[in-house]
C-alpha cells in the first residue's frame, strides 16, 4: 500500500500497480481518469444518494476529483464519460447492477474482521453441477472451512448464503469477503466451522428489459425455491461432508437474497432450522397472522422449531431499517423469538452485510 | 441462447439477459451501446490488428456496428466512447491488459472440447497462502480432478500453469476454460487425472508506468522463480494429495507465462520433468549451446531427464510462430526430443492456448 505525503493510499480494490483511486484519512476518495478526448468526466458513487462529482481536466487530459468523505466499505461506482456510465480501468470490477461494475474499497478504521489475517484459511470452491429445475449447468461457490481436507471424518453444518439483486454467486466472497469473515471467526473460536454455499438467486431466464416488479420477483423466488430444494441441497449433501439435517442447515441472504431466504426458509422448516435476512425485509405491511402462510401464528410452535431467526438492516437505509423495526415490534408482541441487528450508519451496501454476516454466523449451529 | 431470425445469437460471454453482442453464423459480431450523449462510439477487438469499427447512432441514442468475420475464440475488446476506451456493460469482464476487460466469446463451429458437458466435473478452488518471497498473502487457483474428494487414497501429478502478461491467476479457468478442457479429457480417458495450479506470474510490485522491458521482465521472472520453488510448490505438496516428485510435476504457460515456464522449468529439472511453452518462445536468436545455461548442450542427458518438452504457437501470430519454428529446427538438428504444435489460423489469443492445453495435457504424466 503506497502512502502519499498527504497520508492518502491506493484503495485495496485497485488493479495491481494503480495508484488511484486513493483514499484519504478522512475517507474522502480521489478518482482519476486519463481521457484527453472527453468533454466531461464525472464520478458517481452508488448507494450514496449523492450527485455525480464533476472531475477537472488538467493540461494532459487527466481528469481528477476528490469526493466528500464517504462511509467505510465497498462502494460500487462508475465514471460518466460525456454522460455515458463506464467502469474505471484502475479498479477491479464486481458483479453488481447486473454487470461488472467498478468498486472502491474504503477501509473502516480500526476494523479488521474481514481482512485476510495470519489464521488458517478455508477454500472457496467453484463447483459446476446440473440443475433439473433450470435444465442448465450452473456454478455454486462453496466455502469449505480450513480443516475440511484434513479432518476427513468430520461432517459440517451448512449455511446457504444469497447475494442481492443484480449480483451473483461471486458476490459474498468477492464483495463481501465472507470467506475471510468465516476464517477469522473460526480461528477465534467464535463460530462453528461450517460450509457456506453461495449460488445465483436467478433460477429462471431474465428477459432483457423485464422490470423487477413484485410479480416477476415472486416467479423468480418460486424458481429459486425449487432449485434450492430439488437441486442445490441434494447436490451439496451428496458432494460434501455435511450434517444433512435441518438442525445443521441455515439459509440467509441480503436484500433480494434475504427475501429469498425468508421465503425458502420459513416455507420449509423441515429443511432449514435457522434463517437470516440482511436488509431483506422490505414490506409495506407485515401481518404476523398471515405472513409466510401463517408460520408465526403459533409462536410457541415456531420457537420450538426454529433455532435462529435473525434480521438486520443498516440505520442509514431508512426504509429497510423502519421495515425491520416494524417486524421486530410485531414479533416481540406475539412472542416470536428472533434477533435484530442494526448496523450503525451504513446504507444498502456491503458494509451492512459484512457486519451482518459477522454478527449472524457466531449465533449459528450452537450446541 | 436466443437465436434471431438472422440466425445470430447472444454471445456466451454476455451478462445474463443481454441480447448483444450477437454472433452471426459467419462469425461477424454485432456490438451495441446505449449512449445518447456520446459524440462518437467505436468498437475495437484486441489481437485482430484491425482498426476500430465505427458504430452508428440511431434516433434513440443506440449505437451499433457489425464487424467483419472474426476468428473463433475469446477476444478481448473495448468500446471507444468519444475516444476513451471503456468496457461494454453487456459483456463479462476478464482480467487482461492489466485490468478488467470486456471479452466476446465466438464459438468455434463443430468444436466442444472446452464446453461444459455431461461429464464429472472437477472443482476450481481459490486457495490463500502466505508467501515469504513477496511477504504477502496471495491467492492460487487450484483445479482438483473430479474424483479428488472421493478417491481419498489417490495422489495426483501436478501441472503448474501460467497466464500471460496483463492477466492473472483467474485467466486459465475464466478465459481459457482449462477446467472444462481437463474435465472432458479426463472423462474421455485421454488424460491422466491431475491437479492444475494457477498462480499470478507477478511476484514483485509493478510500479505504475514501468515499461515491460527485457530487464524488468527478467527481474519479474527471477521473483516468480523464487515464489514457485520456495513457496508455491512446497505449499501445494503440503496441502493437496500430490505425487511430490519431479516425474509427476510439469510447468507450462502462455506468452509471458510460457517464458516463465521455460525459465523455471529448464532451470530446475530436479523439480520439473515436463515443460510446455505456448506462444512463449519469442527470441530474436536461439543458440542451443548457450540457451538456458546450456541445458540443451548434452541432448542425450536432456532426453534422459526430460519427460516432455512441448512448444506451440498459432500460425497467425507470425513472430511467435517463426520463433518457435526456428527453435524446433535447432533442437531437431542436435537431437533434443520435443514436440511442436501449431494452431492453424489463430493469433496471440486464447484460442491458441485452449488448443495448446488440449493438445499438451494428454502427453503429460504418461505411464
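Residue numbers (the working numbering), protein chains in the order written: chain A, 441 to 807; chain B, 441 to 807.
All C-beta atoms in this analysis are idealised placements derived from N, C-alpha and C, irrespective of residue type, glycine included.
Owing to the predicted nature of the structure, the values given are computational and were not obtained by experimental measurement.
Where the alpha helix (DSSP H) through residue i begins and ends
i              : result
residue 614(B) : 611 to 614
residue 515(A) : Per DSSP, residue 515(A) belongs to no alpha helix (DSSP H); it is in the beta strand (DSSP E), 513 to 521.
residue 564(A) : No alpha helix (DSSP H) contains residue 564(A), which is instead part of the beta strand (DSSP E) from 563 to 571.
residue 679(A) : 673 to 679
residue 424(B) : Because chain B in this structure spans residues 441 to 807, residue 424(B) falls outside the shown range and cannot be described.
residue 836(A) : The requested residue 836(A) does not occur in the structure, where chain A is confined to residues 441 to 807.
residue 696(B) : 696 to 707
Alpha-carbon spacing of residue i relative to residue j, whole angstroms
i              : j              : result
residue 772(A) : residue 759(A) : 20 Å
residue 729(B) : residue 777(B) : 15 Å
residue 640(B) : residue 565(B) : 14 Å
residue 596(A) : residue 528(B) : 42 Å
residue 741(B) : residue 487(B) : 39 Å
residue 541(B) : residue 656(B) : 24 Å
residue 714(A) : residue 631(A) : 15 Å
residue 637(A) : residue 508(B) : 43 Å
residue 761(A) : residue 735(A) : 23 Å
residue 592(A) : residue 591(B) : 12 Å
residue 609(B) : residue 578(B) : 10 Å
residue 651(A) : residue 555(B) : 32 Å
residue 572(B) : residue 700(B) : 19 Å
residue 706(A) : residue 738(A) : 13 Å
residue 451(A) : residue 471(A) : 10 Å
residue 524(A) : residue 476(B) : 8 Å
residue 782(A) : residue 466(B) : 56 Å
residue 755(A) : residue 787(A) : 7 Å
residue 674(B) : residue 799(B) : 28 Å
residue 757(B) : residue 624(B) : 27 Å
residue 807(B) : residue 658(B) : 35 Å
heavy atom of the ligand PLP below 6 Å from residue i C-beta
i              : result
residue 497(A) : Ligands in the displayed structure: none, and consequently the ligand PLP is not present.
Extent of the continuous beta strand (DSSP E) to which residue i belongs
i              : result
residue 393(B) : Chain B is shown only over 441 to 807; residue 393(B) falls outside these bounds and no answer can be derived.
residue 540(A) : 539 to 546
residue 734(A) : First-last for residue 734(A): 731 to 734, but that is the alpha helix (DSSP H), not the beta strand (DSSP E).
residue 811(B) : Only positions 441 to 807 of chain B appear in this structure, which leaves residue 811(B) out of reach.
residue 638(A) : 635 to 638
residue 533(B) : 533 to 536
residue 471(A) : 469 to 474
residue 801(B) : Run containing residue 801(B): none; DSSP gives neither H nor E here.
residue 483(A) : 481 to 485
For residue i, the three-state DSSP class (helix, strand or coil)
i              : result
residue 767(B) : helix
residue 454(A) : strand
residue 601(A) : strand
residue 618(A) : helix
residue 721(B) : coil
residue 494(B) : strand
residue 525(B) : strand
residue 796(B) : helix
residue 427(A) : Past the boundaries of the shown model lies residue 427(A); chain A is included only from 441 to 807, so the question cannot be answered.
residue 742(A) : helix
residue 559(A) : coil
residue 787(B) : coil
residue 463(A) : strand
residue 712(B) : coil
residue 689(B) : strand
Candidates the options, of which the one nearest residue i by Cα
i              : options                           : result
residue 717(B) : 580(B), 456(B), 797(B) and 506(B) : 797(B)
residue 563(B) : 555(A), 581(A) and 556(A)         : 581(A)
residue 770(A) : 579(A), 731(A), 745(A) and 499(A) : 731(A)
residue 544(B) : 598(B), 615(B) and 558(B)         : 615(B)
residue 519(A) : 531(A), 481(A), 496(A) and 507(A) : 481(A)
residue 585(B) : 512(B), 635(B) and 702(B)         : 635(B)
residue 768(B) : 694(B), 755(B), 751(B) and 783(B) : 751(B)
residue 583(B) : 612(B), 557(B), 604(B) and 569(B) : 612(B)
residue 558(B) : 516(A), 547(A), 501(A) and 576(A) : 576(A)
residue 626(B) : 447(B), 801(B) and 807(B)         : 801(B)
residue 500(A) : 661(A), 539(A), 473(A) and 605(A) : 473(A)
residue 686(A) : 497(A), 462(A), 447(A) and 805(A) : 805(A)
Chain E contact for residue i (CB, 7 Å cutoff)
i              : result
residue 733(A) : As a matter of chain content, chain E is missing from the structure shown, whose protein chains are A and B.
Inter-stretch contact at 8 Å, needing at least 3 Cβ pairs: the stretch 780 to 792 of chain A / the stretch 484 to 498 of chain B: The stretch 780 to 792 of chain A makes no contact with the stretch 484 to 498 of chain B: fewer than 3 CB pairs, one atom from each, lie closer than 8 Å.
Is there contact between the stretch 659 to 671 of chain A and the stretch 617 to 627 of chain A, where contact requires at least three CB pairs shorter than 8 Å? Flag = no, the stretch 659 to 671 of chain A and the stretch 617 to 627 of chain A do not touch.
Answer yes if the stretch 584 to 599 of chain B comes into contact with the stretch 671 to 691 of chain B, meaning at least three C-beta pairs across the two stretches below 8 Å, and no otherwise. Yes: the two stretches touch, three or more of their Cβ pairs being nearer than 8 Å.
At least 3 beta-carbon pairs within less than 8 Å: the stretch 448 to 459 of chain B vs the stretch 546 to 555 of chain A: A contact between stretches requires three or more CB pairs, one per stretch, nearer than 8 Å, and the stretch 448 to 459 of chain B fails this requirement with the stretch 546 to 555 of chain A.
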